[in-house]
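Peer 1:
Protein chains in written order, with the numbering used here: chain L, 1 to 110; chain V, 1001 to 1113.
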């Protein structure tokens, strides 16, 4: 069964304390791995697409990486404004649709 | 901002009543999607459209129907709302030709009493 699992469910960091979020996937025929940011009461905001193992993409303090089984979202020296829920989604599989994980709730304390 | 609006943004209704949610886009995208988001579940696809009058079912389509009579509008209808359909509903569009990214609207919070 196609599946996307994110860990941890919640993460609390101090400002400046770098860390990583994990997204593991079992999706046949992966066509893309997507990261989104979601603020409370809002729709998901697109961050990155990764297409092949070894690929990396960066945006400000965020860097996404991809292997054949998982993706990581690395957050370097986070700030309170990075607090949000981060969603991972895999595109492909039996239905050729986006399959979402349940997200990681990140809280960055000043 | 992908030029997507959803209406209403909030709605409270009673069990058994029909409800229609509207998604409107301004950029002539071919693909449009309806998802629901519930605690403990990832976003789940309800229905999607790949053109005017062309729609198909997603993962959780039971109890929902959709219509797309023009490119810019994609309607989601709950024929007879149930409490299990209390959720936040998001519309999404697929990006430019050749792109797989989806961009989401602001959501509609629906409560069925």
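Backbone N, C-alpha and C define an ideal beta-carbon position, used for all residues, glycine too. Just so we're clear, the structure is a prediction, and the values are computed from it rather than from any experiment.
Can you name the residues of chain V whose CB is closer than 8 Å to the CB of residue 37 of chain L?
Peer 2: Under the 8 Å cutoff, chain V gives no residues; its nearest Cβ is about 11 Å from residue 37 of chain L.
Peer 1: When DSSP labels each residue in this structure, what does residue 82 of chain L get in the three-state scheme?
Peer 2: In this structure, residue 82 of chain L counts as helix in the three-state DSSP scheme.
Peer 1: Please compile the residues from chain V whose C-beta is within a distance smaller than 7 Å of the C-beta of residue 106 of chain L.
Peer 2: Per Cβ cutoff of 7 Å: no residues; residue 106 of chain L is ~17 Å from chain V at best.
Peer 1: If we define contact as Cβ-Cβ less than 9 Å, is residue 1044 of chain V a contact residue for chain L?
Peer 2: Yes, residue 1044 of chain V lies at the interface with chain L (some Cβ there is under 9 Å from its Cβ).
Peer 1: Rounded to a whole number of angstroms, what is the C-alpha to C-alpha distance between residue 1020 of chain V and residue 1076 of chain V?
Peer 2: Their Cα atoms are separated by approximately 6 Å.
Peer 1: Would you please verify whether the beta carbon of residue 29 of chain L is less than 9 Å from any beta carbon of chain V?
Peer 2: Judged by the 9 Å Cβ criterion, residue 29 of chain L is not in contact with chain V.
Peer 1: Check this for me: beta carbons of residue 1047 of chain V and residue 1093 of chain V, under 9 Å apart or not?
Peer 2: In this structure, residue 1093 of chain V does not lie closer than 9 Å to residue 1047 of chain V by Cβ.
Peer 1: Would you kindly check if the distance between the Cβ of residue 78 of chain L and the Cβ of residue 7 of chain L is under 9 Å?
Peer 2: Against a cut-off of 9 Å, the Cβ pair of residue 78 of chain L and residue 7 of chain L comes out as no contact.
Peer 1: DSSP on residue 19 of chain L, reduced to helix/strand/coil?
Peer 2: Three-state DSSP puts residue 19 of chain L in a strand.
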